[in-house]
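FYI, the numbering for the sequence shown is 0 to 794, going by numbering that gives the first Met the number 0.
Glycine is no exception: its CB is placed at the ideal position from the N, C-alpha and C atoms.
Predicted model only: the values in this text are computed from it and were never measured.
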Amino acid sequence: MSTATTDVQQAAFHPADSHDLIRVQGARENNLKDITIEIPKRRLSVFTGVSGSGKSSLVFDTIAAESQRMINETYSAFLQGFMPTLARPEVDVLEGLTTAIIVDQERMGANPRSTVGTATDVNAMLRIVFSRLGQPQIGSPQAYSFNVASLSGAGAVTIERGGTTVKERRSFTVTGGMCPRCEGMGSVTDIDLTQLYDETRSLNGGALTIPGYSMDGWYGRIFTGSGFFDPDKPIREFTKRELHDLLYKEPTKIKVDTINLTYEGLVPKIQKSMLSKDREAMQPHIRAFVDRAITFTTCPDCDGTRLSDAARSSKIRGISIADACALQISDLAAWVRELDEPSVAPLLAALGETLDSFVEIGLGYLSLDRPSGTLSGGESQRTKMIRHLGSSLTDVTYVFDEPTIGLHPHDIQRMNDLLLRLRDKGNTVLVVEHKPEMIAIADHVVDLGPGAGTAGGTVCFEGTVDALRRSGTLTGRHLDDRAALKKTVRRSPRSLEIRGATSHNVQNVDVDIPLGVLCVVTGVAGSGKSSLIHSSVSGRDGVVAIDQTAIKGSRRSNPATYTGMLEPIRKAFAKANGVKPALFSANSEGACPTCNGAGVVFMDLAMMAGVATTCEVCGGKRFQSEVLEYKLGGRDISEVLSLPVADAAEFFRTGDAKVPAAHAILTRLSDVGLGYLTIGQALSTLSGGERQRLKLATHMGEKGDIYILDEPTAGLHLADVENLLGLLDRLVDAGKSVLVIEHHQAVMAHADWIIDIGPGAGHDGGTIVFEGTPADLVASRSTLTGRHLAEYVGA
0 MSTATTDVQQ AAFHPADSHD LIRVQGAREN NLKDITIEIP KRRLSVFTGV SGSGKSSLVF
60 DTIAAESQRM INETYSAFLQ GFMPTLARPE VDVLEGLTTA IIVDQERMGA NPRSTVGTAT
120 DVNAMLRIVF SRLGQPQIGS PQAYSFNVAS LSGAGAVTIE RGGTTVKERR SFTVTGGMCP
180 RCEGMGSVTD IDLTQLYDET RSLNGGALTI PGYSMDGWYG RIFTGSGFFD PDKPIREFTK
240 RELHDLLYKE PTKIKVDTIN LTYEGLVPKI QKSMLSKDRE AMQPHIRAFV DRAITFTTCP
300 DCDGTRLSDA ARSSKIRGIS IADACALQIS DLAAWVRELD EPSVAPLLAA LGETLDSFVE
360 IGLGYLSLDR PSGTLSGGES QRTKMIRHLG SSLTDVTYVF DEPTIGLHPH DIQRMNDLLL
420 RLRDKGNTVL VVEHKPEMIA IADHVVDLGP GAGTAGGTVC FEGTVDALRR SGTLTGRHLD
480 DRAALKKTVR RSPRSLEIRG ATSHNVQNVD VDIPLGVLCV VTGVAGSGKS SLIHSSVSGR
540 DGVVAIDQTA IKGSRRSNPA TYTGMLEPIR KAFAKANGVK PALFSANSEG ACPTCNGAGV
600 VFMDLAMMAG VATTCEVCGG KRFQSEVLEY KLGGRDISEV LSLPVADAAE FFRTGDAKVP
660 AAHAILTRLS DVGLGYLTIG QALSTLSGGE RQRLKLATHM GEKGDIYILD EPTAGLHLAD
720 VENLLGLLDR LVDAGKSVLV IEHHQAVMAH ADWIIDIGPG AGHDGGTIVF EGTPADLVAS
780 RSTLTGRHLA EYVGA
């Protein structure tokens with residue numbers, strides 16, 4: 000670190016002593032190169048740098064991870080046994096840590112019972128309000144909960160009477176608000192039985208067509224040993240009783256080979272194992288089966304509200320709790336303010352403040368009954384913030400991962416105000432961010448780089464925003480970049496017609512989307528951009544849609560496996576050496592038997608963090624030594640997987656190692672700025688921006704005439720946005736139609752045509768407020784987007 004940089008930091012903060020600093024010494028997590036840094040407490044510090052430079056490795060994987068690990072260690076060994084074990088980050092010294100609260104972009108839960116209301120505790124407050132004020136009175140707050148069923152029965156309780164402990168049998172009744180028909184799910188399912196089995200075959204003959212239901216494992220032992228039917232008889236020859244037992248039999252204890260097991264019919268088994276999970280969290284083959292075999296329809300008893308008749312009958316001023324949860328949150332906040340009941344005044348005040356926070360954070364267009372699994376990454380992150388805005392905690396560390404994702408320029412200022420408010424309460428706020436509007440409010444900036452991957456991992460700059468501008472770093476040089484409006488735009492006589500679009504809040508929209516050009520769809524968050532495009536355009540023939548859903552990655556997943564590149568590489572190795580392709584998979588026959596192809600050996604230390612050590616047999620190469628004897632172009636499979644994308648593209652381009660299929664994929668990875676990644680690097684080590692670009696490069700290989708990109712600038716550094724624009728231009732020049740849903744003004748300025756949706760969010764949006772060129776939008780300044788774009792380009 001330069002002396003000048005240190006002087007800037009000290010001049011800005013004058014830390015009184017070590018208690019005012021978070022000290023990091025010798026951080027080596029992921030690509031960090033033994034960095035040492037001091038971060039001022041009770042300040043807003045922004046961490047910048049290109050995607051993959053090490054920002055998340057420092058902030059999340061080192062500082063926040065160690066804070067959480069140390070908090071977990073304060074619990075008893077018994078409790079730690081139930082908690083996920085957290086390994087100590089690769090760092091020599093971490094001092095001055097406080098409790099870390101992480102507000103990341105991970106989508107909220109895979110539980111289909113989770114809604115915006117339940118995830119933020121707003122539903123809990125609302126249930127209490129209805130239990131006190133609702134008419135007719137139907138019971139306690141749980142009587143308004145769609146997650147609590149109504150039960151009655153009897154059980155033994157232990158009580159003390161006259162110094163003697165006795166057991167008494169007492170009856171009980173639980174009054175819950177769950178709809179008994181759909182069990183609080185809001186929808187009922189109809190299963191196509193023909194998708195579960197082939198009736199012409201027997202069970203032993205492979206009749207079952209449900210993913211994971213093989214007769215070779217436990218399912219086979221249970222079906223064969225149950226005695227309820229003949230596993231060698233074709234299913235079409237089953238009696239009614241046998242077919243009922245196969246499909247619907249309730250859980251029944253059976254004994255197979257002296258082992259006690261439970262048999263259950265296929266339908267209830269599928270409902271429990273598959274339908275209880277959020278669709279987006281399913282493995283692709285499971286999701287395909289569910290889409291093929293199961294139809295979801297709105298529950299006819301509760302009309303999708305999830306609530307019982309009694310819960311829906313109790314009302315406050317004509318509004319039931321189901322009605323309240325269906326209201327747009329901004330409208331619900333206004334309704335709560337109208338309630339004047341002294342008996343619950345503090346509760347109404349707290350509920351009103353929480354609902355106002357939704358509006359303030361730009362989520363007033365949501366409703367409490369919105370399933371949390373349907374929120375975007377940006378919406379999920381802002382919803383998580385609701386819990387903390389009214390918190391009384393001080394001197395904690397809040398960690399944010401690109402909180403501006405999904406925000407229109409109009410909303411970024413409000414987000415800035417909220418972060419400053421958290422800081423002013425005496426908290427330390429650490430933000431990983433690319434947007435210059437948020438970098439501008441930082442008290443302290445840490446710029447990592449200079450490049451990405453192995454070319455990053457060092458601290459290039461520390462200090463104030465003004466000093467960053469003068470620093471000469473990549474971020475500093477691009478901080479004040481402003482794209483100019485194009486002098487000429489592409490025109491096309493062809494267009495894609497949308498007529499009468501009404502998805503979600505879209506209000507019967509008619510619009511013509513020009514083809515053969517770069518068309519950008521804009522509007523504030525919640526205005527209806529994604530609803531219009533994905534419901535009306537995605538799914539058509541020739542359309543490749545790349546949405547915001549994050550890709551998941553285990554330690555065994557890497558760019559080579561995710562993109563499908565490994566398959567042609569394995570075949571090329573097999574052909575060159577006259578052996579089977581399976582030998583060149585670390586997840587198959589070629590895997591090192593000691594570490595099972597993981598490259599590391601994990602040691603479970605019970606309540607202490609597990610330890611992962613490099614496999615001594617394969618040296619972390621993941622393959623058997625015999626497999627590494629086979630070469631392609633002079634390299635073994637382990638050496639090939641260690642190549643950066645750019646080097647691998649050259650390796651597979653010509654000569655003995657020429658593999659056109661792999662080269663094509665590698666070229667696309669380079670085009671999206673991932674040339675520095677090694678093709679065998681675990682996906683779990685990639686940043687959010689790297690994963691999104693990996694997904695973009697993979698989908699670009701699909702055949703299509705129209706490409707839909709949903710916020711492709713997410714996770715991109717200022718310097719990378721220009722490269723993205725070049726990529727979009729190349730797609731259009733190659734004859735493709737590119738449709739981008741985006742908030743970034745540089746992308747708007749570069750568009751040939753803009754469609755602006757609004758004017759507001761939720762029911763205040765859903766209409767077309769502008770169609771035309773960026774120059775026309777700037778000249779008219781007729782919309783929020785137009786005014787912000789005009790300010791951005793300096794018009």
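Under the Cβ criterion (8 Å, minimum of three pairs), the stretch 68-79 does not count as touching the stretch 408-422.
When only Cα atoms are considered, residue 735 and residue 536 end up about 15 Å apart.
Approximately 23 Å separates the beta-carbon atoms of residue 415 and residue 764; this is outside 8 Å, ruling out the contact. When 31, 50 and 502 are compared, the shortest CA-CA separation from residue 60 is found for 31. A direct Cα-Cα distance of roughly 12 Å separates residue 333 from residue 348. By the neighbour-count criterion, in which a residue is buried when 16 or more other Cβ atoms sit within 10 angstroms of its Cβ, residue 544 is buried.
Using a 10 angstroms sphere on the CB of residue 258, the tally of other CB atoms stays under 16, which defines it as exposed.
C-alpha of residue 598 to C-alpha of residue 308: approximately 57 Å in a straight line.
In the three-state scheme derived from DSSP, where H, G and I count as helix and E and B as strand, residue 591 is classed as coil. Residue 262 and residue 234 do not touch by the CB rule: their CB atoms are close to 17 Å apart, not below 8 Å.
Restricting attention to beta strand (DSSP E) runs no shorter than 3 residues, the stretch 335-405 encloses them at 396-400, ordered along the chain. In terms of Cα proximity to residue 492, the closest of 501, 512 and 672 is 512.
Per the coordinates, the alpha-carbon of residue 119 lies some 18 Å from the alpha-carbon of residue 402. Counting the other CB atoms within 10 Å of its CB gives residue 755 a total of 16 or more, which places it among the buried residues. Between the C-alpha atoms of residue 430 and residue 679 there is a straight-line separation of about 29 Å. By the Cβ neighbour-count rule, residue 311 is buried, with 16 or more other Cβ atoms within 10 Å of its own. For residue 128, the enclosing alpha helix (DSSP H) starts and ends at 121-132.
About 6 Å separates the Cβ atoms of residue 648 and residue 662, confirming a contact at the 8 Å cut-off.
Residue 151 is bridged by DSSP to 172. In this structure, 213 is the residue among 213, 111 and 190 with its C-alpha nearest to the C-alpha of residue 201.
Residue 98 sits away from residue 393, with the two beta carbons spaced by 8 Å or more.
As a beta-bridge residue in DSSP terms, residue 37 pairs with 22. Looking from the CA of residue 305, the closest CA among 287, 683, 575 and 319 belongs to 319.
In this structure, DSSP gives residue 506 a state outside helix and strand, which the three-state scheme calls coil. In this structure, residue 473 sits away from residue 58, with a CB-CB distance that is not shorter than 8 Å.
Of the residues assessed, residue 18 falls on the exposed side of the cut-off, its CB having fewer than 16 other CB atoms within 10 angstroms. The stretch 427-447 and the stretch 134-146 do not touch, with fewer than 3 CB-CB distances between them shorter than 8 Å. A contact between stretches requires three or more CB pairs, one per stretch, nearer than 8 Å, and the stretch 705-712 meets this requirement with the stretch 723-743.
Under DSSP, the beta-bridge partners assigned to residue 177 are 306.
Taking a cut-off of 8 Å for Cβ pairs, the stretch 109-116 and the stretch 368-378 touch, as three or more such pairs fall below it.
With respect to residue 731, residue 739 sits apart: the two C-beta atoms are not nearer than 8 Å. As the crow flies, the alpha-carbon of residue 778 is around 24 Å from that of residue 508. Less than 8 Å divides the Cβ of residue 717 from the Cβ of residue 477. In this structure, DSSP gives residue 642 a state outside helix and strand, which the three-state scheme calls coil. Here the stretch 522-540 makes no contact with the stretch 568-581; the two share fewer than three CB pairs at distances below 8 Å. Between the C-alpha atoms of residue 229 and residue 185 there is a straight-line separation of about 38 Å.
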